[in-house]
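In this note's numbering, the protein residues as written are 1 to 107. Note that beta-carbon positions come from the ideal geometry of N, C-alpha and C, so glycine has one too. To keep things clear, I will list the structure first and then write my remarks on it.
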């Protein structure tokens with residue numbers, strides 16, 4: 001993530017919080033630190049599913065290529081632990097990786 005001002009960061013966070021919830025907002029804003037700069041450029045958190053009467057959320061991540069797909073699949077447990085660090089509690093119990101190669105517009 002490029003450096004942005006604290007004010008801009010707070011505005012973006014507040015928009016994400018109001019529309020998508022705390023977990024998703026914090027994951028999006030810290031995605032580069034969660035997966036690292038290389039994988040951050042090849043993937044993005046798509047959505048978080050909140051099941052009823054449970055705190056076992058599922059994170060869906062879209063990736064642009066099969067190499068990133070494989071790498072993130074091997075790092076699922078590490079990703080959930082890093083997310084727990086940023087959230088302050090373990091909310092994400094499952095990470096599902098989806099290959100979406102047509103979404104990559106970078107050449």
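Query: So the alpha helix (DSSP H) residue 108 belongs to, where does it begin and stop?; Result: Residue 108 lies beyond the stretch modelled for the chain, which goes from 1 to 107, so this question has no answer here.
Query: DSSP three-state call for residue 60: helix, strand or coil?; Result: strand
Query: What residues are listed by DSSP as bridge partners for residue 95?; Result: 59
Query: With a CB to CB cut of under 8 angstroms and the five nearest residues on each side skipped, what residues in its chain are close to residue 25?; Result: 13, 16, 17
Query: Applying the 10 Å Cβ sphere with the 16-neighbour rule, what's the burial state of residue 19?; Result: exposed
Query: Of the choices 88, 68, 91, 93, whose alpha-carbon is the least far from that of residue 38?; Result: 68
Query: Is DSSP giving residue 82 helix, strand or coil here?; Result: helix
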